[in-house]
Amino acid sequence: MDGIPSQPLEFPEWPQFDDTERAGLVRALEQGQWWRMGGGEVDAFEREFAEYHGADHALAVTNGTHALELSLEVLGVGPGTEVIVPAFTFISSSQAVQRLGAVAIPVDVDLETYCIDVAAVAEAITPRTRAIMPVHMAGQFADMDALVKLSADADVPVIQDAAHAHGARWQGQRVGELGSIAAFSFQNGKLMTAGEGGAVTFPTTEQYESGFLRHSCGRPRGDRGYFHRTSGSNFRLNEFSASILRAQLARLDGQIMTRQQRWPVLARLLNEIPGVLPQATDSRADRNPRYMAMFRVPGLSEQSRNELVDRLIEGGLPAFAVFRAIYRCSGFWEVGTPDMSVDQIAARCPNTEAIYQDGIWLHHRTLLGTEEQMHLVTQIIADALAAL
Ligand SMILES: *Cc1c(COP(=O)(O)O)cnc(C)c1O
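Encoded structure:
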């Protein structure tokens, strides 16, 4: 391609690790006890993670999907209840609801930020609504001012799907300071990772205690008499993962700083390509960790978009098609489904219909590259689009 050096574009690898992770693993190993009730890594990680996000309590769990399930269970979500979720998200947002026997109600997202549309949430509230689940898409906060107000007015709690939002801030406030439960993921691709893993931050001690019991088969800490006080499951994180996550957390701020410098450069350059629209940034989301570099080519068919992604990959970019609208996945229709057809949901989700077909994302390691590379990335996208 014109103007592109012949050597492949090399971005930093993901995940990243060094002697801190190595030392952590050995530390966990040599404790001799490898579960949280015997070791100290999970406890220490929870304290550090809670403090980092301004939350009173954090609970480490097996993965982000379980973090959502546990959060919803603490909020009383179960058969006969509904949870409002964005139609454009990773499927765990709705699957967690459905696993609990509740109904997931998809609503549209904003065309610019790809986050849940608060007016659509307001319209979808019924007497059965037990929670509202915004997803902070790609690190971009959903409109928390409007959601906190709606939540108070309707008396329905918010549960933040913060799987993309480690270290994010909304008007200076951290995820744990917004008054609601938040669920995080540490899966391999996420902003900090142990391959798998998750965490929940809680604004109240009562919710945390309920979460703790439910994540450990209903069993109180230190119990020796098999007093299982609540229902639950085993969502406990192991000591090795926690030791790695402590090292990952210590590295997060530096990585966020780099990505925060790169994104405005890349977004400005992408904006200059005719037909390309980068994800908008709400200025109130004043710290965005940039989990994905997302953009749309409005009007592109799903097939052309997929072709474009293939060309970007050929050009050396870690590029992907965005999430499919959840109601367009057959798995969404197995359990806990709303009393509507696909077409009815699609008709009330025009923005989701557009984004899922013409949206593309680049892995966040792209944004850990050099500023010079942002120009190369843009050139590859411009060339691929021209060739389409
Ligand atoms: C990754 C992700 C999850 C689930 O996390 P896992 O750790 O993979 O189970 C939930 N919600 C969103 C939006 C995600 O991207």
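Each residue of the sequence shown is one higher than the last, beginning at 32 in my numbering.
Note that beta-carbon positions come from the ideal geometry of N, C-alpha and C, so glycine has one too.
Ranking Leu393, Ala377, Gln388, Glu365 by CA distance to the CA of Arg130 puts Glu365 first. The stretch 134-149 and the stretch 94-105 do not touch, with fewer than 3 CB-CB distances between them shorter than 8 Å. In the DSSP annotation of this structure, His197 is not part of any beta strand (DSSP E), being labelled neither H nor E.
Ile275 sits buried, since 16 or more C-beta atoms from the chains shown fall within 10 Å of its C-beta. Residues Leu131, Gly132, Ala133 of the same chain have their beta carbon placed closer than 7 Å to that of Gly109, with the five preceding and five following residues left out of the count. The beta carbons of Val206 and Ala199 sit closer together than 8 Å. The continuous beta strand (DSSP E) containing Trp392 extends over residues 390-394. No residue range can be given for Met168, since it is assigned to no alpha helix (DSSP H) and is classified by DSSP as neither H nor E. According to DSSP, Asp192 shares a beta bridge with Val166, Ala214. Judged by DSSP in its simplified three-state form, Ala311 adopts coil rather than helix or strand. Scanning Gly253, Gly229, Gly400, Asp176 for the CA closest to the CA of Gln204 turns up Asp176. For His246, the enclosing alpha helix (DSSP H) begins and ends at 236-246. Per the C-alpha coordinates, the member of Cys248, Ser361, Gly253 positioned closest to His259 is Cys248.
Closest in alpha carbon position to Ser216, among Glu333, Ser262, His167, Leu407, is His167.
A straight-line Cα-Cα distance of about 10 Å links Val116 and Ala155. Nearest in C-alpha terms to Ala324, of all of Leu268, Arg299, Glu41, is Arg299. Annotation: Phe354 is outside any alpha helix (DSSP H) and is labelled neither H nor E by DSSP. In this structure the stretch 272-290 lies against the stretch 52-61, because at least three pairs of beta carbons, one per stretch, are closer than 8 Å. For Gly229, the shortest separation between its Cβ and any heavy atom of ligand 1 lies below 7 Å. For Asn94, the shortest separation between its Cβ and any heavy atom of ligand 1 lies below 7 Å. Counting along the chain, Met323 sits inside the beta strand (DSSP E) bounded by residues 323-327. The Cβ atoms of Ala193 and Lys221 do not sit closer than 8 Å to each other. Collapsing the DSSP output to three states places Ala185 in a helix.
Burial is judged here by how many other beta carbons sit within 10 angstroms of a residue's own beta carbon; Ala81 has at least 16 and is buried. Three or more beta-carbon pairs separated by less than 8 Å link the stretch 405-417 to the stretch 299-315, which places the two stretches in contact. For Ala281, DSSP assigns no beta-bridge partner whatsoever. If you ignore the 5 residues before and after Met164, its C-beta comes within less than 7 Å of the C-beta of Val114, Ile115, Val116, Ser124, Ile190, Asp192, all in its own chain and listed in chain order. Excluding the 5 residues flanking it on each side, Arg318 has same chain C-beta neighbours closer than 8 Å at Gly198, Ala199, Arg200, Ile287, Gln291, in chain order. Judged by DSSP secondary structure, Phe42 falls outside any alpha helix (DSSP H); it is assigned neither H nor E. Cα atoms of Ala173 and Leu101: separation of roughly 21 Å, rounded to the nearest angstrom.
By the 16-neighbour rule on beta-carbons within 10 angstroms, Trp65 is exposed. For Glu44, the closest C-alpha among the options Gly226, Arg396, Tyr257 is that of Arg396. Taking the C-beta atoms as reference points, Val128 is found nearer than 8 Å to Leu103. Between Val73 and Leu268 a beta carbon distance of about 5 Å is seen, short of the 8 Å cut, so the two are scored as contacting.
By the CB criterion at 8 Å, Thr261 and His88 fall outside the cutoff.
Between Gly170 and Ala377, the alpha-carbon positions lie close to 25 Å from each other.
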